[in-house]
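Let me begin by presenting the structure, written as structure tokens, before commenting on it.
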Amino acid sequence: MAWWTDTDPVDREAKSSNSNVDRQKHPGSLLEGFTQTQVSTFAVKDDFLVAGGFQGELICKHLDRPGVSFCSRTTYDDNVITNAIEIYNKPSGALHFTASNNDFGVRDFDMERYQLVNHFSFSLASQ
Numbered sequence: 001m002a003w004w005t006d007t008d009p010v011d012r013e014a015k016s017s018n019s020n021v022d023r024q025k026h027p028g029s030l031l032e033g034f035t036q037t038q039v040s041t042f043a044v045k046d047d048f049l050v051a052g053g054f055q056g057e058l059i060c061k062h063l064d065r066p067g068v069s070f071c072s073r074t075t076y077d078d079n080v081i082t083n084a085i086e087i088y089n090k091p092s093g094a095l096h097f098t099a100s101n102n103d104f105g106v107r108d109f110d111m112e113r114y115q116l117v118n119h120f121s122f123s124l125a126s127q
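At position 5 of the sequence shown (counting the first as 1) the number is 5 in this note's numbering, and the numbers step up by one without a gap.
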């Protein structure tokens with residue numbers, strides 16, 4: 001179990017670098033950020049990190065830049081654990097990440113604009 005808290009070195013860096021300016025560039029980013037996130041999964045590729053939380057949080061950070069680049073919630077439903085994250089390059093070269101949650105949703109995000117590109121919903125398989 002891991003926690004991303006307001007005393008975490010990454011968060012201290014974000015606060016000291018006034019990263020709210022960076023967050024404002026991306027529609028859908030939560031300007032207030034998160035004060036405490038219990039991390040359920042994360043992925044790293046090149047200089048990019050995406051962490052997912054037990055309440056559907058997503059936190060994106062370029063490791064070669066100060067501050068947090070983007071943070072959002074996939075949904076405000078209860079118990080929406082982020083189960084898996086995959087960072088990948090599309091054939092065009094664009095960087096994307098896919099996050100799956102236990103709300104039966106899989107979401108694909110464009111990393112250049114931090115925008116949701118696709119949201120796939122699945123029903124519960126019958127037994």
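We put the beta carbon where it would ideally sit given N, CA and C, even for glycine.
Check your understanding: Secondary structure at S69, three-state DSSP: helix, strand or coil?
Key -> The three-state secondary structure of S69, taken from DSSP, is coil.
Point to revise | Under 8 angstroms between C-beta atoms of A84 and S69 | key: For A84 and S69, no; Cβs fall outside 8 angstroms.
Point to revise | Collapsed DSSP secondary structure at L63 in the structure displayed | key: Assigned with DSSP and collapsed to three states, L63 falls in coil, not helix or strand.
Review point. Would DSSP call G53 helix, strand or coil?
Key: Shown here, G53 sits in a strand according to DSSP, grouped into three states.
Review point. Taking the C-alpha atoms as reference points, what is the distance between M111 and A94?
Key: Each residue's Cα considered, the two are about 8 angstroms apart.
Practice item. For D108, I'd like the list of residues in its chain whose CB is within less than 7 angstroms of its CB, leaving aside the five on either flank, ordered along the chain. Key: The answer, listed in chain order, is H96, T98, V117, N118.
Exercise for review: Assuming V80 and Q55 form a contact by the criterion Cβ under 8 angstroms, report the distance between their Cβ atoms to the nearest whole angstrom.
Suggested key: Contact between V80 and Q55 holds: their C-beta atoms lie close to 6 angstroms from each other, under 8 angstroms.
Review point. When you compare only the Cα positions, how much space is there between C60 and D46?
Key: A direct Cα-to-Cα measurement between C60 and D46 gives close to 13 angstroms.
**Study point:** Burial state of L49, where buried means 16 or more other Cβ atoms lie within 10 Å
**Key:** Under the 10 Å beta carbon count, L49 is surrounded by 16 or more other beta carbons and is classified as buried.
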